[in-house]
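Protein chains: 2
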Amino acid sequence: MPKLEKGLIQVYTGNGKGKTSAAFGLALRAMGRGLKVYIIQFIKGGFDYGELYVADKLPNLTLKAFGRGKFVTEKPPRREDVDSANEALTLAEEKVKSGEYDVVILDEINVALSLKLIDIRRVMEMLKTKPNHVELVLTGRSAPDTLVRVADLVTEMKEIKHPYNEGFSARKGIEY
Amino acid sequence: MPKLEKGLIQVYTGNGKGKTSAAFGLALRAMGRGLKVYIIQFIKGGFDYGELYVADKLPNLTLKAFGRGKFVTEKPPRREDVDSANEALTLAEEKVKSGEYDVVILDEINVALSLKLIDIRRVMEMLKTKPNHVELVLTGRSAPDTLVRVADLVTEMKEIKHPYNEGFSARKGIEY
């Protein structure tokens, strides 16, 4: 039985820290209320993230990660990156459509879109036809304007100050 | 034994969604790495938040909430609001100083500061004297400039679009 009367489309974008963390924090809150959460990570598969070690201990949470564990930078992108992002999207379409999950998080989908690994028309169709009670959360920098237009709630994480700029390197447990 | 070589001071501020969620997501990641996390909520005590129901099931996480469960709006603030925010700060000082926790999250402390419920000089002293390995995360809108100046990492959550603006009301499991 759906628990939300009306699910929204949320977008977290921008160059600042906290987009994926905000989505995981939201998942935690939702689980606290007995909601079912499905997280699909686009292009992050294979990375070693701290949250993965807790995710499988949490009730009502399923997490699937796609990608080859490397940031996609080639232009045009590699065939395997396109394939795995599309696999992620197919799973997303299926899980959203099923209506079985109250919250579906599409982590880094904005990046997959901006790199044109996936077709924005497929994503727009998924948003347009989503069951009413399903909350959709899309994260990643460079969210396309088309997506921002149809979203109900959009937050930009804006970097004001970051030690990376001073040659700082990522730390286990904090940055990953 | 401290797990972080160098703990930073992080600030999440701005009028957008996701500040507390980002802090909780970060806590989740840290726990996934076996780090010990202490969360102190300023002015949020008594509120019924979804994350509270999961928090006590998580290993390595302690959460204490202060306040009377109402947003503080009176000017000058009520005595009891001043007292509970100061109680929260005293606990924060103690837990930071102990060096026992790898990550200490001071949720909504920025709001307590901007409402002048607590003295910024005490907070600055706590930041200046924190053990090197402790990561401090301060959240809440209206972070004072003095705080932003000493922080290592500052992210502004900027509201781009929000259904509240159209008379939308908060939903259990998503907004709280």
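Line by line, the protein sequences give chains P and S. Reading the first sequence from the start, the letters are residues 0 to 175 in numbering that gives the first Met the number 0. Reading the second sequence from the start, the letters are residues 0 to 175 in numbering that gives the first Met the number 0. Think of the CB as a built atom: it goes at the ideal place given N, C-alpha and C, for glycine as much as any other residue.
* Pick out whichever of P/Val122, P/Ala111 and P/Gly6 has its Cα sitting closest to the Cα of valine 36 of chain P. => Along the first sequence, one-based indexing puts residue 36 of chain P at 37. Nearest of P/Val122, P/Ala111 and P/Gly6 to valine 36 of chain P, Cα basis: P/Gly6.
* At which residues does the alpha helix (DSSP H) containing valine 110 of chain P begin and terminate? -> Start at 1 with the first residue of the first sequence, and residue 110 of chain P comes out as number 111. That run of the alpha helix (DSSP H) goes 108-113.
* Helix, strand or coil for isoleucine 119 of chain S, going by three-state DSSP, please let me know. => The residue you call residue 119 of chain S lines up with position 120 of the second sequence. It is helical.
* Can you give the beta carbon distance from leucine 88 of chain P to isoleucine 117 of chain P, rounded, assuming they're within the 8 Å contact cut? -> The residue given as residue 88 of chain P occupies position 89 in the first sequence. The residue given as residue 117 of chain P occupies position 118 in the first sequence. Contact between leucine 88 of chain P and isoleucine 117 of chain P holds: their C-beta atoms lie close to 5 Å from each other, under 8 Å.
* Asked: Nearest chain P C-beta to threonine 19 of chain S closer than 8 Å, yes or no?
  -> The residue you call residue 19 of chain S lines up with position 20 of the second sequence. Interface residue, yes.
* Asked: Out of P/Asp82, P/Asn59 and P/Lys171, which has the shortest C-alpha to C-alpha gap to glycine 33 of chain P?
  -> Start at 1 with the first residue of the first sequence, and residue 33 of chain P comes out as number 34. Closest option to glycine 33 of chain P, Cα to Cα, is P/Asn59.
* To do: Verify whether the separation of the beta carbon atoms of leucine 135 of chain S and isoleucine 8 of chain S is less than 8 Å.
  => Within the second sequence, the letter at position 136 stands for residue 135 of chain S. Within the second sequence, the letter at position 9 stands for residue 8 of chain S. Contact flag set, yes.
* Which same chain residues, not among the five before or five after leucine 62 of chain P, have their C-beta less than 6 Å away from its C-beta? -> One-based indexing of the first sequence puts residue 62 of chain P at position 63. Result list for leucine 62 of chain P: Ile38 and Ala54, in chain order.
* Within this structure, are the beta carbons of phenylalanine 167 of chain S and alanine 111 of chain S separated by less than 8 Å? -> Translated into the one-based positions of the second sequence, residue 167 of chain S becomes position 168. Translated into the one-based positions of the second sequence, residue 111 of chain S becomes position 112. No, the Cβ-Cβ distance between phenylalanine 167 of chain S and alanine 111 of chain S is not below 8 Å.
* Determine the chain S residues that contact threonine 30 of chain P at a beta-carbon separation under 7 Å, and present them in chain order. => Mapped onto the first sequence, residue 30 of chain P falls at position 31. Before going further, note that residue 30 of chain P is methionine rather than threonine in the sequence given. Neighbours of methionine 30 of chain P on chain S, chain order: Val53.
* To do: Note down, in chain order, each residue of its chain lying with its Cβ closer than 6 Å to the Cβ of methionine 123 of chain P, except the 5 sequence neighbours on either side.
  => Position 124 of the first sequence holds residue 123 of chain P. Here the set comprises nothing.
* How about valine 133 of chain S and valine 103 of chain S: are their beta carbons less than 8 Å apart? -> Numbered from its first residue, the second sequence carries residue 133 of chain S at position 134. Numbered from its first residue, the second sequence carries residue 103 of chain S at position 104. Cβ distance < 8 Å, so valine 133 of chain S and valine 103 of chain S count as in contact.
* Determine whether the Cβ of lysine 2 of chain S lies closer than 8 Å to any Cβ atom of chain P. => By 1-based counting over the second sequence, the position of residue 2 of chain S is 3. Cβ-Cβ to chain P under 8 Å: yes for lysine 2 of chain S.
* **Reduced DSSP secondary structure (H/G/I, E/B, other) of valine 149 of chain S** => Residue 149 of chain S sits at position 150 when you count from the first residue of the second sequence. Three-state result, valine 149 of chain S: helix.
* Tell me which same chain residues have a C-beta within less than 7 Å of the C-beta of threonine 19 of chain P, skipping the five on either side of it? -> Working through the first sequence from its first residue, we reach residue 19 of chain P at position 20. Hits under 7 Å: Asp106 and Thr138.
* My understanding is that leucine 177 of chain P touches isoleucine 173 of chain S, with C-beta atoms under 8 Å, so please give their C-beta distance in whole angstroms. => Lying before the first or after the last residue shown, residue 177 of chain P is absent from chain P, which here runs from 0 to 175.
* To do: Could you tell me which residues DSSP pairs with threonine 138 of chain S in its beta bridges?
  => Counting from one through the second sequence, the residue named residue 138 of chain S turns up at place 139. In the DSSP output, where bridge partners are listed per residue, threonine 138 of chain S has S/Tyr11.
* Asked: Once you ignore the five residues that flank proline 143 of chain P on each side, which residues in its own chain have a CB closer than 7 Å to its CB?
  -> In the first sequence, the residue the question calls residue 143 of chain P occupies position 144. Excluding sequence neighbours, proline 143 of chain P sits near Leu112, Ser113 and Ile119.
* Which residues, taken in chain order from the segment 136-152 of chain P, show a beta carbon closer than 8 Å to some beta carbon of chain S? -> Val147, Ala150, Asp151 and Leu152
* To do: Round the Cβ separation of alanine 21 of chain S and tyrosine 11 of chain S to the nearest angstrom and send it over; I've been treating them as touching at under 8 Å.
  => Residue numbering aside, residue 21 of chain S sits at position 22 when the second sequence is read from its first letter. Residue numbering aside, residue 11 of chain S sits at position 12 when the second sequence is read from its first letter. With a Cβ gap of about 5 Å, alanine 21 of chain S and tyrosine 11 of chain S count as contacting.
* Supposed contact pair aspartate 151 of chain P and proline 162 of chain S - C-beta distance, whole angstroms, cut 8 Å -> In the second sequence, residue 162 of chain S corresponds to position 163, counting from 1. In the first sequence, residue 151 of chain P corresponds to position 152, counting from 1. With 8 Å as the limit, proline 162 of chain S and aspartate 151 of chain P qualify as a contact, their Cβ atoms being about 5 Å apart.
* **Proximity below 8 Å, CB of glutamate 155 of chain S to CB of lysine 157 of chain P** => Position 156 of the second sequence, counting from 1, holds the residue named residue 155 of chain S. Position 158 of the first sequence, counting from 1, holds the residue named residue 157 of chain P. Yes.
* Asked: Is the CB of threonine 61 of chain P under 8 Å away from at least one CB in chain S?
  -> Locating residue 61 of chain P in the first sequence gives position 62, where the first residue counts as 1. Taking Cβ atoms only, chain S never reaches closer than 8 Å to threonine 61 of chain P, which makes this a no.
* Look up threonine 154 of chain S in the DSSP assignment and say whether it is helix, strand or coil. => The sequence position of residue 154 of chain S within the second sequence is 155, counting from 1. Correct three-state label for threonine 154 of chain S: strand.
* To do: Give a yes or no on whether the C-beta atoms belonging to phenylalanine 23 of chain S and glycine 24 of chain P are separated by under 8 Å.
  => Along the second sequence, one-based indexing puts residue 23 of chain S at 24. Along the first sequence, one-based indexing puts residue 24 of chain P at 25. Closer than 8 Å, so yes.
* Looking at chain P, which residues of the segment 110-136 of chain S have a Cβ within less than 8 Å of any of its Cβ atoms? -> Glu134
* To do: Tell me, please, which residues DSSP counts as bridged to threonine 61 of chain P.
  => Walking along the first sequence from the start, residue 61 of chain P turns up at place 62. Bridge partners of threonine 61 of chain P: P/Tyr37.
* Given glycine 181 of chain P, which residues of its chain have a CB within under 8 Å of its CB, disregarding the five upstream and five downstream residues? -> Outside the displayed span of chain P (0 to 175) sits residue 181 of chain P, for which this structure offers no information.
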